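Report on one structure; see the data block that follows.
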């Protein structure tokens, strides 16, 4: 009852102390032994009820503690799995970064080789064009010389043919028949 009057709050030691205060204040000098016995029984029942309720609360708290410990273990496992996965991802990222750097280096090397080959090919093409131009100029000069020589030879052949025709005409005019070849 005392415990119920306190809204089911307070420890056993608090209830015993309050009971002693109430006993001291409310006990008339002329209490009968039956009243004292009844009062003591009621106090004993109140103390026992408080103890039972405290044990129930303690048992419930222990169950809650077990549940929290199990949840904590589960969360620890989840955290460890997440840490393992994060480590795996970091390793994969590191490997990927290294591979990317290797590919970049290889591409840069190949690009440098290609650029060097392009420069060399360009120089060779320029040199070949210069040689071709020189040969073409030489051949053009030779062709011009040959054309001039041909034109001179054609003119000389015409002159000789004219002389031949004149000579044949002179011979015919003189009555000499020229042999035809």
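Numbering (my numbering), first residue to last: 3 to 183.
Cβ atoms here follow ideal geometry from the backbone N, Cα and C, with glycine treated the same way.
Being a predicted model, the structure only gives us computed values, none of them experimental.
Residue 154 sits in a helix when the DSSP states are folded into three classes. Within the segment 62-98, no run of alpha helix (DSSP H) reaches 4 residues while sitting entirely inside it. Judged by DSSP in its simplified three-state form, residue 178 adopts coil rather than helix or strand. Secondary structure at residue 11: coil, using DSSP grouped into helix, strand and coil. A distance below 9 Å separates the beta carbons of residue 17 and residue 49. In the three-state reduction of the DSSP assignment, residue 34 falls in the coil class, being assigned neither a helical nor a strand state. With 16 or more neighbouring CB atoms inside 10 Å of its own CB, residue 52 falls in the buried class. When the five nearest sequence neighbours on each side are left out, no beta carbon in the same chain lies closer than 6 Å to the beta carbon of residue 151.
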